[in-house]
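Protein chains in written order, with the numbering used here: chain A, 2 to 150; chain B, 63 to 480.
Quick reminder that beta carbons are idealized off the backbone N, C-alpha and C, glycines included.
Okay, structure first, notes after.
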Amino acid sequence: MLDPGRLGLVIDGLGAAALVSLLLPVLWRGRGAWLPLFLLGAEYVAVESSGHVGGVSVVPCAAGLIALCELLFWLAELPPAASVDVTSIGRRLLLLALTGVAAAAAALVALFATSVQLSSALVALVLGALAAAALLTIPLLLIRPRRRG
Amino acid sequence: MSRSPKLALYAIFAAAAFIAALALGRPELAGLGAPFALVLAVGLSLPPPPRVEASVQLDRERVLEGDEIELELSLSAAESCEAHVALVLPRGIAPAGEPGSFVLGLTHGRPRTVAVRLACERWGAYRLGELVVRSGDRARLRLADQRIGGTTVVRVYPGRERLQSLVTPRETQPFAGNRVSRAKAEGIEFADVRPYVRGDRVRRLNWRASSRGQTLYVNQQHPERNADVILFLDSFAEAQRAGGGTLDQAVRAAATLADHYLAVQDRVGIVGFGGIVRWLTPASGTLQSYRIAEALLETEVNFSYVWKRLDVLPARSLTPQALVIALSPLLDERGMYALVDLRRRGFDLAVVDVSPVAFAGASEGGTPDPKALRLWRLWRETLHLRYQELGIAVAEWTGGESLAEVVEEVEAFRRFAR
Numbered sequence: 002m003l004d005p006g007r008l009g010l011v012i013d014g015l016g017a018a019a020l021v022s023l024l025l026p027v028l029w030r031g032r033g034a035w036l037p038l039f040l041l042g043a044e045y046v047a048v049e050s051s052g053h054v055g056g057v058s059v060v061p062c063a064a065g066l067i068a069l070c071e072l073l074f075w076l077a078e079l080p081p082a083a084s085v086d087v088t089s090i091g092r093r094l095l096l097l098a099l100t101g102v103a104a105a106a107a108a109l110v111a112l113f114a115t116s117v118q119l120s121s122a123l124v125a126l127v128l129g130a131l132a133a134a135a136l137l138t139i140p141l142l143l144i145r146p147r148r149r150g
Numbered sequence: 063m064s065r066s067p068k069l070a071l072y073a074i075f076a077a078a079a080f081i082a083a084l085a086l087g088r089p090e091l092a093g094l095g096a097p098f099a100l101v102l103a104v105g106l107s108l109p110p111p112p113r114v115e116a117s118v119q120l121d122r123e124r125v126l127e128g129d130e131i132e133l134e135l136s137l138s139a140a141e142s143c144e145a146h147v148a149l150v151l152p153r154g155i156a157p158a159g160e161p162g163s164f165v166l167g168l169t170h171g172r173p174r175t176v177a178v179r180l181a182c183e184r185w186g187a188y189r190l191g192e193l194v195v196r197s198g199d200r201a202r203l204r205l206a207d208q209r210i211g212g213t214t215v216v217r218v219y220p221g222r223e224r225l226q227s228l229v230t231p232r233e234t235q236p237f238a239g240n241r242v243s244r245a246k247a248e249g250i251e252f253a254d255v256r257p258y259v260r261g262d263r264v265r266r267l268n269w270r271a272s273s274r275g276q277t278l279y280v281n282q283q284h285p286e287r288n289a290d291v292i293l294f295l296d297s298f299a300e301a302q303r304a305g306g307g308t309l310d311q312a313v314r315a316a317a318t319l320a321d322h323y324l325a326v327q328d329r330v331g332i333v334g335f336g337g338i339v340r341w342l343t344p345a346s347g348t349l350q351s352y353r354i355a356e357a358l359l360e361t362e363v364n365f366s367y368v369w370k371r372l373d374v375l376p377a378r379s380l381t382p383q384a385l386v387i388a389l390s391p392l393l394d395e396r397g398m399y400a401l402v403d404l405r406r407r408g409f410d411l412a413v414v415d416v417s418p419v420a421f422a423g424a425s426e427g428g429t430p431d432p433k434a435l436r437l438w439r440l441w442r443e444t445l446h447l448r449y450q451e452l453g454i455a456v457a458e459w460t461g462g463e464s465l466a467e468v469v470e471e472v473e474a475f476r477r478f479a480r
């Protein structure tokens with residue numbers, strides 16, 4: 002276990018590294034976006050472990066992280082010299098705002114779901130199975146060819 | 063259809079957060095990963111990227127070098143999406159100021175139109191409208207790339223220079239034109255007097271000469287005739303760099319000369335002598351001007367080892383007593399030999415050496431050896447002298463000076479040689 006002083010150093014180090022690594026996807030057209038994301042995630046874990054912030058702090062943190070990722074990937078996708086349509090910018094901003102709200106809601110739900118104390122093991126089993134099934138739908142949706150028309 | 067790198071990153075991050083939440087017993091980490099899992103779940107359940115349809119329209123299909131055209135791009139998609147569109151332009155056509163790529167928000171049932179101004183930098187026939195379109199689903203987790211082929215053709219004709227004078231042909235043809243023939247017949251320009259013979263018109267009597275000579279004399283004139291001019295383009299080889307090459311210069315010169323000779327009612331023909339031999343029999347008039355412009359667009363260097371001689375050309379492409387103006391970089395022996403052959407066949411020949419020397423100085427392989435360059439220049443000068451010994455007027459066109467100066471140089475040599 003790290004003492005609070007050393008943990009503070011770790012947090013500062015992670016924060017600085019995350020900020021510096023942000024330059025990587027900005028300058029290298031989206032490549033290496035995983036690095037600041039994981040560093041910021043790790044920093045949050047460290048901050049949260051030190052007990053400086055409450056559990057609800059995950060809501061703005063998750064919304065911020067996903068908004069940051071969306072912006073980085075949009076930057077990566079943009080052609081080097083392109084004229085960007087105003088409609089497109091408007092749609093992107095709207096989508097970003099919606100994603101942020103949805104992310105906050107999802108984080109809250111997840112937080113609430115993890116704090117639920119289930120009385121019965123059977124209910125816990127059913128809920129766990131449902132959660133696992135929901136998670137499995139993601140690769141299924143990826144693999145399954147979509148039939149149109 | 064391809065997957066965005068975002069998809070993999072979100073999936074890994076969500077999985078890592080959930081596993082860490084379980085391993086460390088911290089529910090907040092599940093809260094951190096949940097939004098990423100939600101974006102994946104919602105994004106993948108949305109319809110896949112739609113197919114983008116595009117059509118292209120040009121405001122003009124025939125332009126001159128240096129002109130600008132407007133390309134109207136109409137894009138539509140079956141579903142609303144964001145489309146990244148990149149216009150694939152051939153060498154010689156470039157966007158005029160604006161970038162050639164766009165990010166457009168497409169809405170179902172409402173086609174979007176974008177106008178792009180393009181600068182036609184080099185002559186040629188170009189197929190325009192080739193596009194690379196990248197569309198994605200709403201969350202841009204899945205991307206679809208499309209390549210849409212060009213359908214519209216624009217013809218960029220070579221730019222013309224203004225010439226004050228032309229190389230005068232030595233011989234004229236029997237057709238009426240603007241040139242004063244060396245022959246004596248009916249015309250305007252006075253040529254000589256000769257004794258009267260039965261059948262001569264009385265109005266042609268030279269009374270002053272008749273009164274002095276105690277016999278009747280009549281005036282003779284030089285008739286106005288046209289001439290045949292053959293523009294001989296050596297396309298065996300060329301020297302070029304990013305901004306253009308010797309063939310570009312030669313084609314521009316050919317277009318200029320053709321226009322000016324046609325304007326004075328001469329008959330102009332073209333011979334493209336290279337890997338592929340092309341010719342256009344001499345004719346006059348506006349129609350021939352269009353034919354020449356079209357023929358010049360097809361001129362290109364086709365690599366070939368075949369030793370070609372003038373025999374491959376049909377007789378009607380090189381009409382007797384025609385003035386042959388050769389535009390050659392004097393790089394390929396076959397082209398050089400053909401010029402000597404033309405002279406030996408009795409053609410009135412003038413050579414414009416479209417000099418490749420300037421291109422050698424800026425070659426991609428690095429700076430050439432100064433000694434080799436000097437030797438090459440000396441060799442080219444010797445070649446010029448050999449041509450001049452055969453009575454061929456040769457002028458070097460480095461591209462720095464105007465064509466008018468080169469034409470003057472050729473004409474000056476021909477006057478001196480007479």
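Contacts that residue i makes with chain B (C-beta to C-beta distance below 8 Å)
{"i": "A:Ile67", "result": "Pro97, Phe98, Val101"}
{"i": "A:Ser22", "result": "The contacting residues do not exist; A:Ser22 stays about 14 Å from chain B at best."}
{"i": "A:Trp35", "result": "Leu71, Ile74, Phe75"}
{"i": "A:Val110", "result": "Ala96"}
{"i": "A:Val27", "result": "What A:Val27 touches in chain B: nothing, since even the nearest Cβ is about 15 Å away."}
{"i": "A:Ala64", "result": "Pro97"}
Within 8 Å, strictly: CB atoms of residue i and residue j
{"i": "A:Ala152", "j": "B:Leu100", "result": "In the structure as shown, chain A begins at 2 and stops at 150. Residue 152 of chain A is therefore absent and cannot be evaluated."}
{"i": "B:Thr482", "j": "B:Val147", "result": "This structure gives no information on residue 482 of chain B, because the portion of chain B shown stretches from 63 to 480."}
{"i": "B:Ser297", "j": "B:Val368", "result": "no"}
{"i": "B:Gly239", "j": "B:Arg287", "result": "yes"}
{"i": "B:Val291", "j": "B:Pro220", "result": "no"}
{"i": "B:Leu33", "j": "B:Leu193", "result": "The shown model of chain B, from 63 to 480, leaves out residue 33 of chain B, and the question about it has no answer."}
{"i": "B:Pro161", "j": "A:Ser89", "result": "no"}
{"i": "B:Asp403", "j": "B:Arg436", "result": "no"}
{"i": "B:Val386", "j": "B:Asp410", "result": "yes"}
{"i": "B:Pro157", "j": "B:Leu180", "result": "yes"}
{"i": "B:Ile131", "j": "B:Val216", "result": "yes"}
{"i": "B:Glu223", "j": "B:Thr318", "result": "yes"}
{"i": "A:Thr25", "j": "A:Gly33", "result": "Here residue 25 of chain A turns out to be Leu, not Thr, going by the sequence shown. Yes, they are a contact pair."}
{"i": "B:Ala245", "j": "B:Val255", "result": "no"}
{"i": "B:Gly186", "j": "B:Val150", "result": "no"}
{"i": "A:Leu76", "j": "A:Gly31", "result": "yes"}
7 Å Cβ cut-off: residues of chain A touching residue i
{"i": "B:Leu91", "result": "Val46"}
{"i": "B:Gly171", "result": "Result: empty, since nearest Cβ-Cβ is about 14 Å, beyond 7 Å."}
{"i": "B:Glu134", "result": "The contacting residues do not exist; B:Glu134 stays about 15 Å from chain A at best."}
Nearest-angstrom Cβ-Cβ length linking residue i and residue j, presumed shorter than 8 Å
{"i": "B:Leu94", "j": "A:Val59", "result": "6 Å"}
{"i": "B:Pro391", "j": "B:Pro418", "result": "5 Å"}
{"i": "B:Pro120", "j": "B:Leu190", "result": "The sequence as given places Leu at residue 120 of chain B; Pro does not occur at that position. Correct: roughly 7 Å between the Cβ atoms."}
{"i": "B:Glu470", "j": "B:Ser243", "result": "Incorrect: roughly 23 Å between the Cβ atoms, too far for contact."}
{"i": "B:Ala301", "j": "B:Phe478", "result": "Wrong, their Cβ atoms sit about 30 Å apart, outside the cutoff."}
{"i": "B:Arg353", "j": "B:Leu342", "result": "6 Å"}
Per-residue contacts from residue i into chain A (C-beta, under 8 Å)
{"i": "B:Glu144", "result": "Ser89, Arg92, Arg93"}
{"i": "B:Ala79", "result": "Gly42"}
{"i": "B:Arg209", "result": "None at all; the shortest Cβ gap to chain A is about 15 Å."}
Partners in chain B for residue i, counting only beta-carbon separations shorter than 9 Å
{"i": "A:Ala104", "result": "Ala96, Pro97, Phe98, Leu100, Val101"}
Cross-chain neighbours of residue i in chain B, by beta carbon under 7 Å
{"i": "A:Val59", "result": "Glu90, Gly93, Leu94"}
{"i": "A:Ala107", "result": "Ala96, Pro97, Leu100"}
Where residue i meets chain A, residues with beta-carbon distance less than 9 Å
{"i": "B:Lys370", "result": "Within 9 Å Cβ-Cβ: nothing; B:Lys370 doesn't reach chain A, min ~45 Å."}
>> Which runs of the beta strand (DSSP E) at least 3 residues long sit entirely within the region 386-419 of chain B? Give them in chain order.
In response: 410-416
>> Extract the residue ranges of the beta strand (DSSP E) inside the region 269-327 of chain B, only unbroken runs of 3 or more that lie entirely within it.
In response: 279-284, 290-297
> Looking at chain B, which residues of the region 37-53 of chain A have a Cβ within less than 9 Å of any of its Cβ atoms?
Replying inline: Leu38, Phe39, Gly42, Tyr45, Val46, Glu49, Ser50
> For the region 78-96 of chain A, which residues have a beta carbon sitting closer than 9 Å to at least one beta carbon of chain B?
Replying inline: The residues in question are Glu78, Leu79, Pro80, Pro81, Ala82, Ala83, Ser84, Val85, Asp86, Val87, Thr88, Ser89, Ile90, Gly91, Arg92, Arg93, Leu96.
> In chain order, which beta strand (DSSP E) runs of at least 3 residues are fully inside the region 66-92 of chain A?
Replying inline: 83-85
>> Counting only Cβ-Cβ distances shorter than 7 Å, please list the residues of the region 146-176 of chain B near chain A, keeping chain order.
In response: Contact annotation: in the region 146-176 of chain B, residues whose CB is within less than 7 Å of a CB in chain A are His146, Ala148, Glu160, Pro161, Ser163, Phe164, Val165, Leu166, Gly167.
> Taking a cut of 9 Å between CB atoms, which residues from the region 114-140 of chain A lie near chain B?
Replying inline: Ala114, Thr115, Ser116, Ala135, Leu136, Thr138, Ile139, Pro140
> Going along the chain, which unbroken runs of the beta strand (DSSP E) with 3 or more residues stay wholly within the region 166-221 of chain B?
Replying inline: 174-182, 186-190, 192-198, 204-210, 214-219
> Which residues, in order along the region 378-406 of chain B, keep a beta-carbon less than 9 Å from a beta-carbon of chain A?
Replying inline: Per Cβ criterion, the list is empty.
> Mind pulling the alpha helix (DSSP H) runs of 4 or more residues that sit fully within the region 324-364 of chain B?
Replying inline: 348-359
> Enumerated in chain order, which unbroken segments of the beta strand (DSSP E) with a length of 3 residues or greater are wholly contained in the region 115-174 of chain B?
Replying inline: 124-126, 130-139, 143-150, 155-157, 163-168
> Got a sec: which bits of the region 181-196 of chain B sit with their beta carbon under 7 Å from any beta carbon on chain A, in order along the chain?
Replying inline: Across the region 181-196 of chain B, no CB contact with chain A closer than 7 Å is found for any residue.
> the region 4-19 of chain A: which residues have C-beta closer than 7 Å to a C-beta of chain B, in chain order?
Replying inline: none
> At what residue ranges does the region 88-116 of chain B contain a whole run of the alpha helix (DSSP H), taking only runs of 4 or more?
Replying inline: 89-107
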